[in-house]
Amino acid sequence: DQQVKQNSPSLSVQEGRISILNCDYTNSMFDYFLWYKKYPAEGPTFLISISSIKDKNEDGRFTVFLNKSAKHLSLHIVPSQPGDSAVYFCAASGGSSNTGKLIFGQGTTLQVKP
Amino acid sequence: DGGITQSPKYLFRKEGQNVTLSCEQNLNHDAMYWYRQDPGQGLRLIYYSQIVNDFQKGDIAEGYSVSREKKESFPLTVTSAQKNPTAFYLCASGTSGFTDTQYFGPGTRLTVL
Chain H
270 DQQVKQNSPS LSVQEGRISI LNCDYTNSMF DYFLWYKKYP AEGPTFLISI
320 SSIKDKNEDG RFTVFLNKSA KHLSLHIVPS QPGDSAVYFC AASGGSSNTG
370 KLIFGQGTTL QVKP
Chain X
81 DGGITQSPKY LFRKEGQNVT LSCEQNLNHD AMYWYRQDPG QGLRLIYYSQ
131 IVNDFQKGDI AEGYSVSREK KESFPLTVTS AQKNPTAFYL CASGTSGFTD
181 TQYFGPGTRL TVL
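Just so you know, the protein sequences line up as chains H and X, in that order. Heads up, the first sequence is in the numbering used here, so the first residue is 270 and it goes up one at a time. Heads up, the second sequence is in the numbering used here, so the first residue is 81 and it goes up one at a time.
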């Protein structure tokens, strides 16, 4: 049972334009959400997070939006840069155990073309 | 420099052998985690530990074992019972709090020959 889903395996955008990466979840008890960026053969790097009491969090070029009623979150990157090309994972935590465990989506590969 | 180190970066083992992957952190984090990544898949949790001398199974613990004798260290042993051990292994640490952000090491690529 995939509790966190990233339905788009890949996304290609032009440099300078907006990149929008999407993530859906099924467990309504999730209350903390994160986005990580990963280059091949490296560990994921934390990008930005949002708790369920907010619907938006911004950090520089990165903004995460949370729609709890739709169980959907998205990451916006504006403007996109070639160095943003990587795999992006969304993750969620919370629920009955609330142990800090993260549930990850499958990842979306972003390609930003110069 | 504060961070998480994993060694070695690449590891080869023969079928039937046990192998131990190292993970060390100097972030003073209470919680540590082991994940496995396979091509085209997300990260799957193998084991985690929220405090020294205590650990719990994650979603895919079969064929793996861990220990947590020190706060800084959380080694993972891939045993011969693990049916499909070739993968990229990632260690992470965090504060184990309500809004825990996990920070990852560089990973170890294990290949079984």
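Glycine is no exception: its CB is placed at the ideal position from the N, C-alpha and C atoms.
Alpha-carbon spacing of residue i relative to residue j, whole angstroms
| i | j | result |
| --- | --- | --- |
| residue 373/H | residue 316/H | 14 angstroms |
| residue 379/H | residue 351/H | 10 angstroms |
| residue 362/H | residue 272/H | 11 angstroms |
| residue 140/X | residue 127/X | 8 angstroms |
| residue 163/X | residue 280/H | 33 angstroms |
| residue 112/X | residue 160/X | 23 angstroms |
| residue 155/X | residue 146/X | 6 angstroms |
| residue 93/X | residue 157/X | 12 angstroms |
| residue 347/H | residue 287/H | 5 angstroms |
| residue 119/X | residue 174/X | 25 angstroms |
| residue 85/X | residue 289/H | 32 angstroms |
| residue 153/X | residue 135/X | 12 angstroms |
| residue 381/H | residue 102/X | 35 angstroms |
| residue 167/X | residue 191/X | 7 angstroms |
| residue 334/H | residue 95/X | 46 angstroms |
| residue 376/H | residue 297/H | 21 angstroms |
| residue 344/H | residue 99/X | 38 angstroms |
| residue 326/H | residue 336/H | 12 angstroms |
| residue 274/H | residue 295/H | 9 angstroms |
| residue 299/H | residue 189/X | 31 angstroms |
Amino acids of chain X, ordered along the chain, whose beta-carbon sits closer than 8 angstroms to that of residue i
| i | result |
| --- | --- |
| residue 374/H | 122 |
Cross-chain neighbours of residue i in chain X, by beta carbon under 7 angstroms
| i | result |
| --- | --- |
| residue 303/H | 181 |
| residue 370/H | 125, 128 |
| residue 362/H | 180 |
Contact set between residue i and chain H, taken where Cβ atoms lie within less than 7 angstroms
| i | result |
| --- | --- |
| residue 186/X | 311, 312 |
Neighbourhood of residue i by C-beta distance below 8 angstroms, restricted to the same chain and skipping five residues each side
| i | result |
| --- | --- |
| residue 132/X | 148, 149, 150, 151 |
| residue 355/H | 306, 307, 308, 378, 379 |
| residue 193/X | 92, 93, 94, 95 |
| residue 125/X | 113, 114, 115, 138, 139, 140 |
6 angstroms Cβ shell around residue i - same chain, five flanking residues per side excluded
| i | result |
| --- | --- |
| residue 302/H | 319, 342, 361 |
| residue 383/H | 284, 351 |
Residue i CB to nearest heavy atom of the ligand ATP below 7 angstroms
| i | result |
| --- | --- |
| residue 127/X | This structure lacks the ligand ATP; in fact it carries no ligand of any kind. |
Contact set between residue i and chain X, taken where Cβ atoms lie within less than 9 angstroms
| i | result |
| --- | --- |
| residue 358/H | 122, 123 |
Within chain H, partners of residue i - CB distance below 9 angstroms
| i | result |
| --- | --- |
| residue 91/X | Chain H residues near residue 91/X: none, gap ~13 angstroms exceeds 9 angstroms. |
Contacts around residue i, its chain only, beta-carbon distance under 7 angstroms, and the 5 residues preceding and following it disregarded
| i | result |
| --- | --- |
| residue 170/X | 115, 117, 123, 184, 185, 187 |
| residue 181/X | 174 |
| residue 277/H | 291, 377 |
Residue i - partner residues in DSSP beta bridges
| i | result |
| --- | --- |
| residue 327/H | 332/H |
| residue 378/H | 279/H, 356/H |
Inset, instruction - Give the residues from the stretch 101 to 115 of chain X that approach chain H closer than 7 angstroms (Cβ to any Cβ), ordered along the chain. - result: 111
Inset, instruction - Select from the stretch 314 to 326 of chain H all residues with a C-beta closer than 7 angstroms to any C-beta belonging to chain X, and list them in chain order. - result: 315, 318, 320
Legend entry - Interfacial residues, the stretch 131 to 148 of chain X to chain H, with Cβ spacing under 8 angstroms: 136, 138
Legend entry - Near-chain H residues of the stretch 151 to 170 of chain X - C-beta to any C-beta below 7 angstroms: 170
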